[in-house]
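Presented below is the structure to which this report refers.
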Amino acid sequence: MDRLAFATSSFLGHLSVRPSKNVSHRKPPATRPVVASPRMVAVDPSTLIDSEFDPNVPSERGRFGRFGGQYVPETLMVCLEELYENYLKIKDDPIFQEELNGLLTDYVGRPTPLYYAERLSARYARADGSGPQIYLKREDLNHTGAHKINNSLAQVLLARRLGKTRIIAETGAGQHGVATATVCARFGMKCIVYMGAKDMERQALNVFRMRLLGAEVRPVTSGSGTLTNALSEAIRDWVTYPIETHYIVGSVAGPHPYPMMVRDFQACIGKEVREQSMAKWGGKPDILLACVGGGSNAMGLFSDFRNDTDVRLIGVEAAGKGLETEEHAATLTKGTLGVLHGAMSYQLQDKHGMPSEAHSISAGLDYPGVGPEHSYMRDTKRAEYVSVTDDEALDAFKLLSRIEGIIPALETSHAIAYLDKLCASLEGSPKIVINCSGRGDKDVTAVVEYLKKRGDDDIEF
Ligand SMILES: Cc1ncc(COP(=O)(O)O)c(C=O)c1O
Numbered sequence: 133m134d135r136l137a138f139a140t141s142s143f144l145g146h147l148s149v150r151p152s153k154n155v156s157h158r159k160p161p162a163t164r165p166v167v168a169s170p171r172m173v174a175v176d177p178s179t180l181i182d183s184e185f186d187p188n189v190p191s192e193r194g195r196f197g198r199f200g201g202q203y204v205p206e207t208l209m210v211c212l213e214e215l216y217e218n219y220l221k222i223k224d225d226p227i228f229q230e231e232l233n234g235l236l237t238d239y240v241g242r243p244t245p246l247y248y249a250e251r252l253s254a255r256y257a258r259a260d261g262s263g264p265q266i267y268l269k270r271e272d273l274n275h276t277g278a279h280k281i282n283n284s285l286a287q288v289l290l291a292r293r294l295g296k297t298r299i300i301a302e303t304g305a306g307q308h309g310v311a312t313a314t315v316c317a318r319f320g321m322k323c324i325v326y327m328g329a330k331d332m333e334r335q336a337l338n339v340f341r342m343r344l345l346g347a348e349v350r351p352v353t354s355g356s357g358t359l360t361n362a363l364s365e366a367i368r369d370w371v372t373y374p375i376e377t378h379y380i381v382g383s384v385a386g387p388h389p390y391p392m393m394v395r396d397f398q399a400c401i402g403k404e405v406r407e408q409s410m411a412k413w414g415g416k417p418d419i420l421l422a423c424v425g426g427g428s429n430a431m432g433l434f435s436d437f438r439n440d441t442d443v444r445l446i447g448v449e450a451a452g453k454g455l456e457t458e459e460h461a462a463t464l465t466k467g468t469l470g471v472l473h474g475a476m477s478y479q480l481q482d483k484h485g486m487p488s489e490a491h492s493i494s495a496g497l498d499y500p501g502v503g504p505e506h507s508y509m510r511d512t513k514r515a516e517y518v519s520v521t522d523d524e525a526l527d528a529f530k531l532l533s534r535i536e537g538i539i540p541a542l543e544t545s546h547a548i549a550y551l552d553k554l555c556a557s558l559e560g561s562p563k564i565v566i567n568c569s570g571r572g573d574k575d576v577t578a579v580v581e582y583l584k585k586r587g588d589d590d591i592e593f
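If you read the sequence shown in the numbering used here, its first letter stands for residue 133, the second for the next number, and so on.
Shown next, in the form of structure tokens:
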């Protein structure tokens, strides 16, 4: 049993209800009596539905409407306050920003290209030649092979400022673990990565990469042995060694200020897309599409376009074996309101407020929670959230490899897979930008087994 998740969820167990239709959709007052700490819950947040999108979130207390906040043990409040204060300082500090931008350019390889996927677009062309124009934002070309390093690099620089000597992280697909191990090697910092035992098996290549980079990988065998248990274990470690440790959270999840901070560190993705699309076709994209696990690559792409309401934002979750089964990770489609890993958001949970076991073929999406800003964007309808199954993602994994010569991560394959449904519903020739969040080398061994089991006979094993 996941005790930390249990402690927070059960504390607010009575809030674990789906917002009912008969609750009034009223805009909350600017300063609502909803508070950021479990010590002072004054209002039942399930009665507050945000109907209008406010781009100026989060509030000073880390609230995205009724989502977010800081539901953590008392010991961590000091660390979070220190982190928030220092984050506000470095945000506008030209010396910090110069160092970060220099490393993003020379070490990470930014800006990443915005690539016109000609053959993928041709697949969805209509008989009259019109059809969506599909572009890939190539985060897979970053050093270490995914968007995760944008955040790990910025946070390790921040940890050095805070005088921390020990870095901890959690990882699902291993990409965040590899990125964190990489930046720790670069700066000579001690690094411990918590990883679910099941994920260590399916992402064995990344486990070895982390060890090669000098990190200690600690297997987590509790619960389902996946990302959610790794996250709980990392929080337990942090509670035990709060003074010397900085916890590099890998997504836009966790207690305030992480969802805001990770969003801002990933916002370079969307900012570059804006500049690149202006240079390529003299306008904005019409649709932005990204997979959603915790939500960091999607938020990184969406964030700069929050105010551009003519740009559609679409997040794709993992429907696993199907939404009609219990085996999926479609938190925003099927979840209910609750608290997990320090923040209020939608989550998959049982009637006691315990997190459910999620399922996805992709370790990076196999998480029963989601970042609070996505829950806010869902309720305010600023973004749309959809889901695709394991099988659809596997098909997309093969498709992109064969028609564009790009092997995508299984996580990314979910976003690609949604094109079939999306393109069938579009008119004209809209410009779609898909976040190609990571490369698929890490998944190849697991995919061989999945395809063999499925009986695919169009490929030799
Ligand atoms: C390549 C890749 N894309 C997406 C994700 C999902 O995370 P997030 O939703 O935070 O972008 C992961 C997580 O490990 C990943 O490795």
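The beta-carbon is built from N, C-alpha and C at its ideal position, and this holds for glycine as well.
Open item on the list: Only counting the same chain, and skipping five residues up and downstream in sequence, which positions put a Cβ closer than 8 Å to that of residue 156?
Closed with: Interpretation of residue 156 is limited by its pLDDT of 36, a score under 50 that renders its predicted location unreliable; the figure taken from the coordinates is listed afterwards. Only 181 meet the Cβ criterion.
TODO: May I ask you to verify whether the segment 492 to 503 touches the segment 353 to 365, counting CB pairs closer than 8 Å and requiring at least 3?
DONE: Segments in contact, yes.
Open item on the list: In the DSSP assignment, the beta strand (DSSP E) including residue 519 goes from what residue to what residue?
Closed with: First-last of the beta strand (DSSP E) with residue 519: 516 to 521.
Task: Neighbour-count burial assignment, residue 413, 16 or more Cβ in a 10 Å radius - done: Exposed, since its Cβ has fewer than 16 Cβ neighbours within 10 Å.
- [ ] Drop a sphere of 10 angstroms on the beta-carbon of residue 511, count the other beta-carbons inside from all chains shown, and report buried for 16 or more, exposed for fewer.
- [x] Under this definition residue 511 is a buried residue.
Open item on the list: For ligand 1, I want to know if residue 426 counts as a neighbour, meaning its beta carbon is within less than 8 Å of at least one of the ligand's heavy atoms.
Closed with: With a threshold of 8 Å, the Cβ atom of residue 426 counts as near ligand 1, since some heavy atom of the ligand is closer than that.
Task: C-alpha distance - residue 123 paired with residue 292, whole-angstrom precision - done: It is not possible to answer for residue 123, since the shown part of the chain is limited to 133 through 593.
Open item on the list: Under 8 Å: does the beta carbon of residue 515 sit that close to some heavy atom of ligand 1?
Closed with: Checking the Cβ of residue 515 against ligand 1 gives no.
Open item on the list: Can you determine whether any heavy atom of ligand 1 sits closer than 8 Å to the C-beta of residue 388, and answer yes or no?
Closed with: No - ligand 1 has no heavy atom lying nearer than 8 Å to the Cβ of residue 388.
Task: Nearest candidate by alpha-carbon position, reference residue 569, set 202, 275, 211 and 488 - done: Looking at 202, 275, 211 and 488, the one whose alpha-carbon comes closest to that of residue 569 is 275.
Task: Endpoints, the beta strand (DSSP E) within which residue 548 is located - done: Run containing residue 548: none in the beta strand (DSSP E); it sits in the alpha helix (DSSP H), 542 to 549.
TODO: Assign residue 223 to one of three DSSP states: helix, strand, or coil.
DONE: Looking at residue 223 - three-state DSSP - the assignment turns out to be helix.
Open item on the list: Per DSSP, what are the beta-bridge partners of residue 248 in this structure?
Closed with: According to DSSP, residue 248 bridges with 267.
- [ ] Quick one: which unbroken alpha helix (DSSP H) runs of 4-plus residues sit fully inside the segment 178 to 235? Chain order, please.
- [x] Taken in chain order, the complete alpha helix (DSSP H) segments of 4 or more residues contained in the segment 178 to 235 are 206 to 223 and 226 to 235.
Task: Secondary structure of residue 432, DSSP reduced to three states - done: Helix at residue 432.
Task: Residue nearest to residue 475 in terms of C-alpha spacing, selected from 528, 421, 390 and 536 - done: That would be 390, whose Cα lies nearest to the Cα of residue 475.
- [ ] Measure from the alpha carbon of residue 318 to the alpha carbon of each residue in 288, 186, 453 and 436, then state which is nearest.
- [x] Considering only 288, 186, 453 and 436, the residue with the shortest C-alpha distance to residue 318 is 288.
TODO: Buried or exposed for residue 272, please, with buried defined as at least 16 other CB atoms from any protein chain shown within 10 angstroms of its CB.
DONE: Flag for residue 272 reads buried.
- [ ] State buried or exposed for residue 405, treating a residue as buried only when at least 16 other CB atoms are found within 10 Å of its CB.
- [x] By the 10 Å Cβ count, residue 405 comes out buried.
- [ ] Could you check which residue in 507, 468, 491 and 376 has the C-alpha nearest to that of residue 484?
- [x] Here the closest residue by C-alpha is 468.
- [ ] Can you give me the start and stop residues for the alpha helix (DSSP H) that residue 308 sits inside?
- [x] Residue 308 -> alpha helix (DSSP H) spans 307 to 319.
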